[in-house]
Amino acid sequence: MNILPETKQDWQSAVVKAKISHLNIHTYELKLNSASKLTFEQYLLLRNLRLKGRRSTFNPVQQNEDDDSSVIVSPIAKRTHIDPDSDSDADFDPKPKGKPKQKPKQDEQEPDQNSEEMEPPSEQARTDGYLEDKATGKVRALIEVKPYIRDKGREQTRMQEAAQMVGWIANSNQSTEPLLGRYFHISQDRTEIYISFAEYDNNYVEYLRKGDTQGQATFMTLHEFGPRNTLNSRDMKELGQTILALTLRAHADQQVEYGL
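At position 100 of the sequence shown the residue is numbered 100 (full-length UniProt numbering), and the sequence of numbers has no breaks.
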């Protein structure tokens, strides 16, 4: 079993062993598959480091420092379903795609997807749901649901989440500013819920869009916190407070963006 890199040194050793140290996300020759079937080599080219945070060290206030606003509307119920065979994968296609189709009306809407385009290749990342700004369509959080606990497919699940986060960050419709706590992923694996935060810089965004390998390699680090057990009332209370803090942060950002 391949171990996902936690440090730059781990990543360097892994790409040398896999004989792909000369490649980047745009020069990889093989066609990329869906994120749920992402190979280890493909994952390495995303340049993602994965860190498991301690439950006792997570402080939502640190992720949302100047909140004093109300809550943004959360996704409707049908966007948080469990469907192991749904289009919740990230589909990778080396051919650039056209502009996304106009979003259907709510009562006609198919399973939601967050997508991004890169030239070349293009990548379309699909998730089970997301927190959306209704006025602009801007995504504020990703949501993924699995019918099994994480221990049964931990590494593959983490690779899928990384691909989905990459798709979001590289989306030309999203802000590229690496602000603290703005890019996060909420994952429910049966009765366990995890929250992962992306940490990266503008050099990483340039890598995703252009594949520039000049200078030192740049990375995205996903900080994973959890699990919270849905059968534990204390866990759910703490999780609710965390999600409230994050939605307050999203609403505060929305007000700033609107100039209010």
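No residue lacks a Cβ here, since even glycine has one placed at the ideal position from N, Cα and C.
Boundaries of the alpha helix (DSSP H) around T157: 154–169.
Counting only runs that start and end inside the region 218–252, the beta strand (DSSP E) elements of at least 3 residues fall at 220–229. In the structure shown, L38 adopts coil according to DSSP, grouped into three states.
Here the C-alpha atom of R209 lies approximately 11 Å from the C-alpha atom of N202.
Fewer than three pairs of CB atoms, one per stretch, sit closer than 8 Å, so the region 144–152 makes no contact with the region 32–47. Look at the beta carbons and you see the region 236–251 touching the region 130–141: at least three pairs across the two are nearer than 8 Å. When C-alpha distances from A14 are compared across E161, A162, N48, the shortest belongs to N48.
Per DSSP, reduced to three states, the secondary structure at D151 is helical. Between the alpha carbons of M159 and S36 lies a gap of roughly 8 Å. Contact check between the region 180–188 and the region 135–147: three or more CB pairs, one atom from each, fall below 8 Å, which counts as touching. Of the other Cβ atoms in all chains shown, 16 or more fall within 10 Å of the Cβ of N171; this residue is therefore buried. In this structure, DSSP gives Q188 an extended state, which the three-state scheme calls strand. With respect to the C-alpha of H26, the residue from E224, A135, D212 having the closest C-alpha is D212.
In the DSSP annotation of this structure, the continuous segment of the beta strand (DSSP E) that includes N48 starts and ends at 48–52. In summary, S233 is exposed, with fewer than 16 beta-carbon neighbours lying within 10 Å of its beta-carbon over all protein chains present. Counting along the chain, the unbroken beta strand (DSSP E) around K146 starts and ends at 139–146.
Closest by C-alpha distance to P178, out of W11, G215, T221, G53, is T221.
Here Q241 is exposed. Its C-beta has fewer than 16 other C-beta atoms within 10 Å. L239 and H223 have their C-alpha atoms spaced approximately 16 Å apart. The beta-carbon distance between L4 and E155, rounded to whole angstroms, is 6 Å. This is short enough to meet the 8 Å contact definition. In this structure, R50 is the residue among I243, R50, P227 with its C-alpha nearest to the C-alpha of W11. If you ignore the 5 residues before and after M236, its C-beta comes within less than 6 Å of no other C-beta in its own chain.
For the options M1, Y258, Y207, A163, the alpha carbon positioned closest to that of S196 is the one of A163.
Residue pairing for Y130: DSSP places it in a beta bridge opposite L142. Counting along the chain, S21 sits inside no alpha helix (DSSP H), nor does DSSP assign it H or E at all.
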